[in-house]
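Presented below is the structure to which this report refers.
Protein chains: 2
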Amino acid sequence: MPTPEKTLGGRRAQAARNDEVILEAARAVFLDDPKAPIAAVAERAGVGISALYRRYASKEDLLRRLCHDGLRRYIAEADTALAEPDDWTAFSTFLAGVVDADVHSLTVHLAGTFTPTEEMGRDAMRAGELAAALFDRARASGRLRPDVVVQDLGLLLEACAAVRVPDSKRTAELRRRQLAVLVAGLSAVPATDPLPGPAPAAGEFDWRWRRRE
Amino acid sequence: MPTPEKTLGGRRAQAARNDEVILEAARAVFLDDPKAPIAAVAERAGVGISALYRRYASKEDLLRRLCHDGLRRYIAEADTALAEPDDWTAFSTFLAGVVDADVHSLTVHLAGTFTPTEEMGRDAMRAGELAAALFDRARASGRLRPDVVVQDLGLLLEACAAVRVPDSKRTAELRRRQLAVLVAGLSAVPATDPLPGPAPAAGEFDWRWRRRE
DNA sequence: AGCAGACCGGAACGATCCGTTCCACTGATA
DNA sequence: TATCAGTGGAACGGATCGTTCCGGTCTGCT
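Residue numbers (the UniProt record's numbering), protein chains in the order written: chain S, 1 to 213; chain R, 1 to 213.
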């Protein structure tokens, strides 16, 4: 019997591929609209609804999985950042990593739509500890204004997640820019680097006034 | 015939009072959830659904009115701020006023749920001009970092509107704090004032994980 | 070749939910 | 007392969505 993972053709392979495709589609869809219907995920993934329900017992299950993945990603970003020797760089790359991964939207806007597992509780606690460690190092570096606290990071990430335009690539750019402003605001020393990304242009937000769906 | 406005008792007076009550309730409800049902507004206002439909032909009508009111409030804040002699103070009080009035949520999260009137288009344009005027004065004061543009203000306001906790009083405090960080980030000179309001506390955001409705 | 079953697409179902309409009722006014 | 603007809230009709279910397809094994 060949190892199933190596079989590129065949039913098993399609199923394995669908595992990925479905998760990716779900991520994209629920990131765009946390209350999106299950059918939207199936459509985006290019599969039928059955393919979803074969993998997850319910919508809540899928949401839980997605949120937990986000949490793990958050922890991974923190771990990566902690390996960086320079305290301030570790701090700011962590934030950039979380913003780029769009983890906050997943974690925050999906939380409350399902009953969390115990493991998620533990992971959430660990995530908090890692963020605190990064924050403490940033504080030790002396570049933080003294009146900032760890919990401000939550607000900061939320602020970045709030930036959203129809094009997701552009959204990422604008978030980086917003993050740069916020980090500069947290810093005790004046910023030296220029704000990243093309500045928002006149009329770039006019789409808001167009009628939606 | 007595002037209707001065009649404190009676049906007319109740109707006049309801005009206010309904608008206020609608503001509160749709601020909390832009997709809230009409019935929620009626309940919050303590009136029946009829009282709503007597005043507005449809939900869309009410939304339009609310959004337009928000736009007018934005303009009023800008006008007030423009009277301030110091350029930088004018700029920052304008932002604080808009954040405090929670105008951005109304304008932005409600936009797109109705077809705007021409007058709203004109007001939106005027709002943009006033904001630009304030921004230009801030720039002229030399306290702005050179790579910031007017359009960044939109992102900044959105970031503040994204801050939200169940208690609205606390929300206002946290937004002020967030605004202070952002304005510090826009500034070319290091901030001197300490961050306002009680700093966010540990566990203050745990409510997110509690199951919602 | 032939069969069992894993896997899938998508129609159908049942349960909400929501905007709007409708009607009976109240109380101020004339 | 007659009128009627103003009101509360039940009822209606349409839309939405999570989930189930059935018929079909392809794979791997015998």
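Backbone N, C-alpha and C fix where the C-beta goes; we use that ideal spot for every residue, glycine too.
*Look up S/L153 in the DSSP assignment and say whether it is helix, strand or coil.*
For the purposes of this step, residue 153 of chain S is taken as residue 153 along the first sequence, with counting starting at 1. Helix at S/L153.
_So if I threshold CB-CB distances at 7 Å, which residues from the segment 196-210 of chain R count as touching chain S?_
Against chain S - using a Cβ distance shorter than 7 Å - the residues of the segment 196-210 of chain R are A199, P200, A201, A202, E204, F205, R208, W209 and R210.
*is_contact[S/G112, chain R] using C-beta, thresh 9 Å*: On the first sequence, position 112 is the one that residue 112 of chain S refers to. Yes - at least one Cβ of chain R is within 9 Å of the one on S/G112.
*Going by beta carbon distance, what residues of the same chain come within less than 8 Å of R/E77, once the five residues before and after it are set aside?*
Position 77 of the second sequence, counted from the start, is the residue given in the question as residue 77 of chain R. If we look at R/E77 and ignore the five residues flanking it on each side, its Cβ neighbours are F94, G97, V98, A101 and V103.
*Start-to-end residues for the alpha helix (DSSP H) that takes in S/R44*: As a first step, residue 44 of chain S must be located in the first sequence, where it is residue number 44. S/R44 -> alpha helix (DSSP H) spans I38 to A45.
*Please say whether R/P34 and R/T113 have beta carbons closer to each other than 9 Å?*
Start at 1 with the first residue of the second sequence, and residue 113 of chain R comes out as number 113. Start at 1 with the first residue of the second sequence, and residue 34 of chain R comes out as number 34. Yes, Cβ-Cβ distance for R/T113 and R/P34 is below 9 Å.
_Using C-beta distances below 7 Å, list every residue in its chain close to S/N18, excluding the 5 sequence neighbours before and after it, in chain order._
Residue numbering aside, residue 18 of chain S sits at position 18 when the first sequence is read from its first letter. So the qualifying residues of the chain are V47 and A51.
*Taking Cβ-Cβ distances shorter than 7 Å, what residues in chain R pair up with S/Q178?*
Position 178 of the first sequence, counted from the first residue, corresponds to residue 178 of chain S. Within 7 Å of the CB of S/Q178, the CB atoms of chain R belong to L155 and A159, in sequence order along the chain.
*Kindly indicate which residue of R/G128, R/A26, R/D87 and R/V189 has the alpha-carbon position closest to the one of R/L62.*
In the second sequence, the residue the question calls residue 62 of chain R occupies position 62. Per the Cα distances, R/A26.
*Do the segment 162-172 of chain R and the segment 143-153 of chain R touch if we need at least three Cβ pairs shorter than 8 Å?*
Too few Cβ pairs lie closer than 8 Å, so no.
_Cβ pair S/L179, R/L182 closer than 9 Å_ = If you number the first sequence from 1, residue 179 of chain S lands on position 179. If you number the second sequence from 1, residue 182 of chain R lands on position 182. Contact: no.
*asked:* Would S/R210 and S/P196 qualify as a contact pair, given that the criterion is a beta-carbon distance under 9 Å?
replied: Taking the first residue of the first sequence as 1, we reach residue 210 of chain S at position 210. Taking the first residue of the first sequence as 1, we reach residue 196 of chain S at position 196. No, Cβ-Cβ distance for S/R210 and S/P196 is not below 9 Å.
_Euclidean distance between Cα positions of S/Q14 and S/E20_ = Counting from 1 along the first sequence, the entry for residue 14 of chain S is found at position 14. Counting from 1 along the first sequence, the entry for residue 20 of chain S is found at position 20. Rounded to whole angstroms, the gap between the alpha carbons of S/Q14 and S/E20 is 10 Å.
*asked:* Using a Cβ-Cβ cutoff of less than 7 Å, which residues in the same chain neighbour R/S92 once the five nearest sequence positions on both sides are dropped?
replied: Here residue 92 of chain R refers to the residue found at position 92 when the second sequence is read from its first residue. V183, listed in sequence order.
_Contact list for R/V163 against chain S, beta-carbon separation under 8 Å_ = As a working note, residue 163 of chain R is residue 163 in the second sequence. Against chain S, a Cβ distance below 8 Å from R/V163 picks out L155, E158 and A159.
*Give the straight-line distance between the Cα atoms of R/K59 and S/T89, rounded to the nearest whole angstrom.*
As a first step, residue 59 of chain R must be located in the second sequence, where it is residue number 59. As a first step, residue 89 of chain S must be located in the first sequence, where it is residue number 89. S/T89 has its alpha-carbon roughly 50 Å from the corresponding atom of R/K59.
*Mind pulling the chain S residues with CB within less than 8 Å of R/Q151?*
The sequence position of residue 151 of chain R within the second sequence is 151, counting from 1. Counting only Cβ-Cβ distances below 8 Å, R/Q151 has contacts in chain S at A199, P200, A201, A202, E204 and F205, in chain order.
*Tell me which same chain residues have a C-beta within less than 6 Å of the C-beta of S/V148, skipping the five on either side of it?*
Sequence index remark: in the first sequence, residue 148 of chain S carries index 148 (1-based). L186, listed in sequence order.
*Since R/R139 meets chain S, which of its residues come closer than 7 Å, beta carbon to beta carbon?*
By one-based count along the second sequence, residue 139 of chain R stands at place 139. Correct list: empty, because the minimum Cβ distance to chain S is about 14 Å.
*Element boundaries [alpha helix (DSSP H), containing R/A188]*: Residue mapping note: residue 188 of chain R aligns to position 188 of the second sequence, counting from 1. Run containing R/A188: none; DSSP gives neither H nor E here.
*Kindly indicate if chain S contains any beta-carbon less than 9 Å away from that of R/P190.*
As a working mapping, residue 190 of chain R is identified with position 190 in the second sequence. Chain S contact via Cβ: present.
*Which term fits R/T80, buried or exposed, when burial requires 16 or more other beta carbons within 10 angstroms of its beta carbon?*
By one-based count along the second sequence, residue 80 of chain R stands at place 80. So R/T80 ends up on the exposed side.
*DSSP three-state call for R/P4: helix, strand or coil?*
Mapped onto the second sequence, residue 4 of chain R falls at position 4. Summary for R/P4: the model assigns pLDDT 36, below 50, so the residue's position carries little reliability; its value from the coordinates is reported in the next sentence. In the three-state reduction of the DSSP assignment, R/P4 falls in the helix class, which pools H, G and I.
_Below 7 Å on C-beta distance, what does R/L186 contact in chain S?_
Taking the first residue of the second sequence as 1, we reach residue 186 of chain R at position 186. Within chain S, V181 have C-beta atoms less than 7 Å from the C-beta of R/L186, given in sequence order.
*Check the C-beta distance from R/L174 over to R/S105 and give it rounded, since I have them as a contact under 8 Å.*
Here the question's residue 174 of chain R lines up with position 174 in the second sequence. Here the question's residue 105 of chain R lines up with position 105 in the second sequence. Contact between R/L174 and R/S105 is ruled out by a C-beta separation of about 14 Å, above the 8 Å threshold.
*Can you say whether S/T115 is buried or exposed, counting buried as having 16 or more other CB atoms within 10 angstroms of its CB?*
On the first sequence, position 115 is the one that residue 115 of chain S refers to. Counting the other CB atoms within 10 Å of its CB gives S/T115 a total below 16, which places it among the exposed residues.
_Closer than 9 Å to chain S by CB, R/A127_ = Numbered from its first residue, the second sequence carries residue 127 of chain R at position 127. False, the Cβ-Cβ gap to chain S never drops below 9 Å.
*asked:* Within 9 Å of any Cβ in chain R, is that where the Cβ of S/L174 sits?
replied: One-based indexing of the first sequence puts residue 174 of chain S at position 174. Judged by the 9 Å Cβ criterion, S/L174 is in contact with chain R.
*If contact means a Cβ-Cβ distance below 7 Å, which residues of the segment 36-56 of chain S contact chain R?*
Residues of the segment 36-56 of chain S with a C-beta less than 7 Å from any C-beta of chain R: none at all.
_Only counting the same chain, and skipping five residues up and downstream in sequence, which positions put a Cβ closer than 7 Å to that of S/A140?_
Numbered from 1 along the first sequence, position 140 holds the residue referred to as residue 140 of chain S. If we look at S/A140 and ignore the five residues flanking it on each side, its Cβ neighbours are D87.
*Which chain R residues sit within Cβ distance under 8 Å of S/P116?*
The residue given as residue 116 of chain S occupies position 116 in the first sequence. Near S/P116 (Cβ distances below 8 Å), the residues of chain R are W209.
_Cross-strand partners of S/L134 (DSSP beta bridge)_ = Looking up residue 134 of chain S in the first sequence gives position 134. Answer by DSSP bridge pairing: none, since S/L134 is not bridged.
*Keeping to the same chain, check which residues put their C-beta closer than 6 Å to that of R/A40; ignore five residues upstream and five downstream.*
The residue labelled residue 40 of chain R in the question sits at position 40 within the second sequence. Excluding residues within five positions, the ones whose Cβ falls inside 6 Å are V29.
*Closest residue to S/A45 among S/L23, S/A191 and S/D167 (Cα-Cα distance)*: Walking along the first sequence from the start, residue 45 of chain S turns up at place 45. If we check each option's Cα against that of S/A45, S/L23 comes out closest.
*asked:* Please state the DSSP three-state secondary structure of R/L31.
replied: For this step, residue 31 of chain R is matched to residue 31 along the second sequence. Assignment of R/L31 by DSSP, reduced to helix, strand and coil, places it in the helix class.
_From R/E84, R/A133, R/G121 and R/G203, residue whose alpha carbon lies closest to that of R/L153_ = By one-based count along the second sequence, residue 153 of chain R stands at place 153. Selected option, being the one with the closest Cα: R/A133.
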